[in-house]
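Input: a single structure, listed below in structure tokens.
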Amino acid sequence: MVYRFRVILDAEEDVFRDIELLQDSTLEDLHNTIVQSFGFDGTEMASFYASDEDWNQGEEFSQFDMGGEVRLMNETSLDSILSEDDTRLIYVYDFFNMWTFLVELAEIAEPEDTIDYPNLMFVHGQIPANAPEKEFVAEEEEGSADFDDDFDIDDYDNLSFDENWN
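Its first residue numbered 326, the sequence shown is counted upward by one per residue in this note's numbering.
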């Protein structure tokens, strides 16, 4: 089977690519196809993240083994994590600039003998010179203490700890 994806740059302007890969391709194959289709040089680190319907970031799939229990792109096939029910991934390229892409499995189709895969089907928009700015906002947990807006971190005389604790 062929997995057809729409890969959208998370930005105000519409910039996306429609690409096809065989279902047994790996996340590394998808990474390489995204890098090439958006014109990156491929020298920066990247990760995929599982996502739910609201684009909440889930399990990480890393490009390199950095220790820990993160699954690797080159060991994870598309059909092992994506299906008609689980269709979304978040892709982050270049952790310094945080190029962020929303990747959605749009269709599962039969392969065509006349097409070589991976296949860039459609290109829309030009990638900007710089990564779009992101505003990272933490979700407030229930029962979490409110931050004291009057707190002065430079007011050492009124801090509530024993300065001789060590």
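Note that beta-carbon positions come from the ideal geometry of N, C-alpha and C, so glycine has one too. Note that this is a predicted model, so its numbers are computed, not measured.
Pick helix, strand or coil for V327, following the three-state DSSP scheme.
-> strand
Closest by CA to D411, which one among V340, F426, Y374 and P436?
-> Y374
Euclidean distance between Cα positions of M446 and N455 | 25 Å
Taking only the alpha-carbon atoms, compute the straight-line gap between G392 and V332 and give it to the nearest angstrom.
-> 28 Å
Segments of 3+ residues assigned as beta strand (DSSP E) that fall wholly inside the stretch 386-457 | 413-418, 424-434 and 444-449
Near A431, what residues of its chain come up, given a Cβ to Cβ distance below 6 Å and the 5 sequence neighbours on each side ignored?
-> R329 and R331
Could you have a look at N491 and say whether DSSP puts it in helix, strand or coil?
-> Note that N491 scores a pLDDT of 49, beneath 50, so its modelled location is shaky and nothing firm can be said.
Apart from the five residues just before and just after N491, which ones in its own chain have a Cβ nearer than 7 Å to its Cβ?
-> Interpretation of N491 is limited by its pLDDT of 49, a score under 50 that renders its predicted location unreliable; no figure is taken from the coordinates.
With 16 other CB atoms within 10 Å as the buried threshold, where does M326 fall?
-> exposed
Burial state of P443, where buried means 16 or more other Cβ atoms lie within 10 Å | buried
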